[in-house]
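In this note's numbering, the protein residues as written are 158 to 597.
Worksheet for the structure shown next.
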């Protein structure tokens, strides 16, 4: 009887730990090779992890809600029943040495640090340059943590974090900055599920239901609070007439969908026009690094996707190099895989500008929070028919039915002035209102 170890996979170069959010199989269940057996959460994405072998789930060593280091054994599979279990269709296999994996699942309970985590993570020591494992783990904190530390002159190797083997988390760095002079978190101390509130915590009343935040909800909480503290948020709103887009879409939709096999929505038109705007106004496609400005030469558009268990922002890379068909194909593919938990970590990274579309839920407009380290985010309100005053050829005003939506731009006033933000929105508006039919 052979047993195969199931390990916590490496979910990207900077990830040192993961939280088991949900077991999809129970002890004794027969599993196929590459069949999802458990879900994990990291500070990048959530993921379904496939079985490395066909067999029977013999042991579960790490319970739901526990956070452990990568390469920690979380379960074991007996392979004595492998011959009777047909393999599923080939699928990417996640291993501990892989730099990336699949992603986007429901978050589980907040991390419950396990005593053996730090020792499991510390199985390896030096790397040939004298740095300890703990020092290397701290410096492999997320890009956002490294950015915040650099802006505040903090050396990560000198900070004892609450993550595995002292890895510094966003909560740690925020707490350290907020409480200068106070002792930083110590290794092994359980991290709070979100940033500490600046005031008394509310108390539960009789009859209330108290539930811990899911891992994904806690991460979203951290990102939103950090962004509000980092950027000077201002929002501008334009009304955009999408009647021309609606007519092009109605005229070309059947032909487009038959030729490409892709559903055509308004969003690809908006993405293409937005990329044109980013080319014209490079401040909007940038990041702030202390007193430096990084003008991005890539146009990577993040699209916020609402999931039943939270929110994720997959990124259309090099959108400026794509046709409308290419944008549509990538948009639909990323959104579908986000909802079916098959995204890869790199597919939610390196965005330079984000678009969110609350209008699909009926919202007329919103003031979205910037997706750090970007400097702007555009919100699309409900697209609907409205009566508008139109000047006719003879100069007389008439009432006409037009398809319109409110576009809001939340921008970082540290870099972008109101005039630039409005010029950018005006440019996107003009692009959409004069969109060439030949572009489809």
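Think of the CB as a built atom: it goes at the ideal place given N, C-alpha and C, for glycine as much as any other residue.
Everything numeric in this text was worked out from a predicted model, so none of it was measured.
query	result
If you pair each beta-carbon of the region 524-537 with each one of the region 492-506, do three or more pairs fall below 8 angstroms?	no
Identify the continuous beta strand (DSSP E) that holds residue 560 and give its terminal residues.	554-569
Shortest alpha-carbon distance to residue 571 belongs to which of 582, 440 and 183?	440
Please specify which runs of the beta strand (DSSP E), each continuous and at least 3 residues long, are wholly inside the region 408-452, giving them in chain order.	443-446 and 449-452
Among residues of its own chain, excluding the 5 on either side of residue 402, which ones have a beta-carbon nearer than 8 angstroms to its beta-carbon?	423, 426, 560, 589 and 592
According to DSSP, is residue 515 helix, strand or coil?	helix
Which of the three DSSP states is assigned to residue 195 in this structure?	strand
Whose C-beta lies closer than 6 angstroms to the C-beta of residue 547 among residues of the same chain, with five residues either side of it excluded?	555 and 557
Can you tell me which of 356, 474 and 166 puts its alpha carbon nearest to the alpha carbon of residue 224?	166
Mapping DSSP to helix, strand and coil, what is residue 162?	strand
What three-state label does DSSP hand residue 203 in the structure shown?	strand
By DSSP, does residue 208 sit in helix, in strand, or in coil?	coil
So the beta strand (DSSP E) residue 176 belongs to, where does it begin and stop?	174-180
Could you pull the start and end residues of the alpha helix (DSSP H) that residue 496 belongs to?	481-496
Using 8 angstroms as the cut-off, can you tell me whether the region 501-521 makes contact with the region 535-542, which would need three or more C-beta pairs spanning the two stretches below that distance?	yes
Going by beta carbon distance, what residues of the same chain come within less than 6 angstroms of residue 277, once the five residues before and after it are set aside?	Note that residue 277 scores a pLDDT of 33, beneath 50, so its modelled location is shaky; the value from the coordinates is reported in the next line. The answer, listed in chain order, is 226 and 229.
Could you tell me how far apart the beta carbons of residue 530 and residue 202 are, in whole angstroms, since I believe they sit closer than 8 angstroms?	Not really, about 18 angstroms apart at Cβ, beyond 8 angstroms.
Return the residue from the list 302, 410, 389 and 393 that minimises the CA-CA distance to residue 376.	302
If you drop the 5 nearest sequence neighbours on each side, which residues of the same chain put their C-beta closer than 7 angstroms to that of residue 540?	399, 423, 516, 560 and 562
Taking residue 497 as the reference, which of 471, 482, 480 and 477 has the closest Cα?	471
To the nearest angstrom, how far is it from the Cα of residue 661 to the Cα of residue 465?	The requested residue 661 is not part of the displayed model; the chain covers only 158 to 597.
Short check: CB of residue 446 to CB of residue 308, under 9 angstroms?	yes
Buried or exposed: where does residue 178 fall if 16 or more other Cβ atoms within 10 Å of its Cβ makes it buried?	buried
By the three-class DSSP mapping on this structure, what secondary structure does residue 502 have?	helix
With DSSP collapsed to three states, give me the class of residue 595.	helix
Which residue from 381, 367 and 197 puts its Cα closest to that of residue 328?	381
So what's residue 507 in DSSP terms, helix, strand or just coil?	coil
CA-CA distance, residue 198 and residue 428?	29 angstroms
Three-state secondary structure (DSSP) at residue 396?	strand
Quick one: Cα of residue 220 to Cα of residue 183, how far?	11 angstroms
Where residue 373 and residue 331 are concerned, what is the direct C-alpha to C-alpha distance, given to the nearest angstrom?	18 angstroms
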